[in-house]
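Engineer: After the structure tokens below, expect a handful of questions from me.
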Ligand SMILES: [Ca+2]
């Protein structure tokens, strides 16, 4: 009742007060507002007990109960550069969270003279789940630059226990081809920030050893395939040309040398949109979906979607479902939610969770109507 009452107060259009229903390939889906009153929620991580950790871009981390109640902001979150696209970004649980209660945060970290860069910190969630303790920055993007755009980022743990950090080009373009920094890269680090000895550029001079792949524009969607263990990402194109990429060690994904899109200035990017020496995208979207958040669905609630990729769409205003087959996309479905979707996750009961990128942001819960 509390939830329905709050939603009715905050949203005069009463459609939100009751669960909505949307028609999908899996039949009718109920869309409930589990929680609201979040300011530009950016990422959600599901705790083993079903509670949620949710980041808000201005720099707050909150716990959401199974009934949708928001906790006060947790203590211990690092200071963030909360401007434009910057702020507190992703949250991920340690693979052994049940044993060590460690969580990882990515965020835009302020630097000297108004600069900023993406950073990753880890800490331990205290027993009361009110604070992070032993917080330490384990990785920093180099160099920090001015501007408030294209920080990425997503954090995913690979099956080998290494932490993948996806980044953006900081709207600087060319540094995405410069291995002496980590702008426009995907990096792979140990959970303590160390560099794995088998990273592709560890023995190359003038290259950062944590780099895993390069030539990326802005990656805010990443997930590990539950069967193959492969790293999939979706990245924002410029004007057109969002990409779905299968990320492999040491490869160049082409930005800004090639793109399926055009610069916002209207300036073209050389055709053809890919080159044999560069890693081509598996799929591209023009017009764009603006991908943010990705999960492979493995639950029981939507058996017809098991194994499929779900991607949040800011411009798509919903969830994009992809069925992958033979190294490509076999089919695509749009699940319309009427709001910019910043992240998507799977609840323990197989429901799908989605965050809306709004000043009064919500956690949506999608479940089948039997
Ligand atoms: Ca590319």
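Numbering (our numbering), first residue to last: 10 to 379.
Built from N, CA and C at the ideal position, the CB exists for glycine as well.
1) Might you give, ordered along the chain, the residues of its own chain that have their beta carbon closer than 6 Å to the beta carbon of residue 332, omitting 5 neighbours on each side?
2) What are the boundary residues of the beta strand (DSSP E) that residue 359 is part of?
3) DSSP state of residue 269, grouped into three classes?
4) Below 8 Å on the Cβ atoms is my contact criterion, and I expect residue 128 with residue 150 to pass it. Report the Cβ-Cβ distance as a whole number of Å.
5) Measuring alpha carbon to alpha carbon, tell me which residue in 235, 232, 191 is nearest residue 218.
6) In angstroms with no decimal places, state the Cα-to-Cα distance between residue 162 and residue 51.
7) How about residue 125 and residue 160: do their beta carbons lie closer than 9 Å?
8) Quick one: does the C-beta of residue 283 sit closer than 8 Å to a heavy atom of ligand 1?
9) Relative to ligand 1, is the shortest distance from any of its heavy atoms to the C-beta of residue 264 smaller than 8 Å?
10) Using a Cβ-Cβ cut-off of 7 Å (strictly less than) and excluding sequence neighbours within five positions of residue 144, which residues of its own chain qualify?
11) Answer yes or no: the CB of residue 257 versus the heavy atoms of ligand 1, is any distance below 8 Å?
12) Hey, is residue 225 close to ligand 1, as in C-beta under 8 Å from one of its heavy atoms?
13) Return the bridge partner residues of residue 119 from the DSSP annotation.
14) Does the beta-carbon distance from residue 289 to residue 308 come in below 9 Å?
15) Please give me, in chain order, every unbroken run of the alpha helix (DSSP H) with length at least 4 that falls completely inside the stretch 215-263.
16) Any heavy atom of ligand 1 closer than 8 Å to the CB of residue 287?
17) Return the CA-CA distance between residue 252 and residue 297, expressed in angstroms with no decimal places.
18) Over the uninterrupted beta strand (DSSP E) stretch that includes residue 166, give me the two end residues.
19) Secondary structure at residue 109, three-state DSSP: helix, strand or coil?
20) Only counting the same chain, and skipping five residues up and downstream in sequence, which positions put a Cβ closer than 7 Å to that of residue 21?
21) I'd like the list of long-range same chain contacts for residue 76, defined as Cβ closer than 7 Å, with 5 residues on each side in sequence excluded.
22) Taking all protein chains shown into account, decide if residue 136 is buried (16 or more other Cβ within 10 angstroms of its Cβ) or exposed.
23) To which residues of the same chain is residue 367 closer than 6 Å at the C-beta, ignoring the five residues directly before and after it?
24) How about residue 350 and residue 313: are their beta carbons less than 9 Å apart?
25) Buried or exposed: residue 379, going by 16 or more other Cβ atoms within 10 Å of its Cβ?
26) Do residue 38 and residue 362 have their CB atoms nearer than 9 Å?
27) Measuring only the C-alpha atoms, how far is residue 73 from residue 337?
28) Is residue 267 near ligand 1 - that is, is its Cβ less than 8 Å away from at least one heavy atom of it?
29) Return the CA-CA distance between residue 347 and residue 326, expressed in angstroms with no decimal places.
30) Measuring alpha carbon to alpha carbon, tell me which residue in 221, 246, 179 is nearest residue 209.
31) Find out if the Cβ-Cβ distance for the pair residue 320, residue 239 is shorter than 9 Å.
32) Give me the Cβ distance between residue 171 and residue 154, rounded to the nearest whole Å; I'm assuming they're in contact under 8 Å.
33) How is the beta strand (DSSP E) around residue 199 delimited, first residue to last?
34) Which word fits residue 118, buried or exposed, when buried means at least 16 other C-beta atoms lie within 10 angstroms of its C-beta?
35) How long is the line joining the alpha carbons of residue 157 and residue 92, rounded to whole angstroms?
36) Would you kindly work out how many angstroms separate the C-alpha atoms of residue 44 and residue 355, rounded to a whole number?
Structural biologist: Let me spell this out:
1) 317, 339, 340
2) Neither: residue 359 is in no beta strand (DSSP E) and is coded neither H nor E.
3) Three-state DSSP puts residue 269 in coil, outside helix and strand.
4) 7 Å
5) Checked all of 235, 232, 191; the closest Cα to residue 218 is 191.
6) 10 Å
7) yes
8) yes
9) yes
10) 85, 87, 130, 132
11) no
12) yes
13) 125
14) no
15) Counting only runs of 4 or more residues that sit fully inside the stretch 215-263, no alpha helix (DSSP H) segment turns up.
16) Using a cutoff of 8 Å, the CB of residue 287 counts as near ligand 1, since one of the ligand's heavy atoms is closer than that.
17) Between the C-alpha atoms of residue 252 and residue 297 there is a straight-line separation of about 9 Å.
18) In the DSSP assignment, residue 166 falls within the unbroken beta strand (DSSP E) covering 163-166.
19) helix
20) Low confidence applies here, because residue 21 scores a pLDDT of 40, under 50, leaving its location unreliable; read the following figure in that light. Nothing listed; no residue qualifies.
21) Same-chain partners within the cutoff: there are none.
22) exposed
23) none
24) Against a cut-off of 9 Å, the Cβ pair of residue 313 and residue 350 comes out as no contact.
25) exposed
26) Residue 38 is not a Cβ neighbour of residue 362, given a cutoff of 9 Å.
27) 36 Å
28) yes
29) Straight-line Cα distance between these residues: approximately 5 Å.
30) 221
31) no
32) About 27 Å; that fails the 8 Å criterion.
33) Per DSSP, residue 199 belongs to no beta strand (DSSP E) and is neither H nor E.
34) buried
35) 6 Å
36) 16 Å
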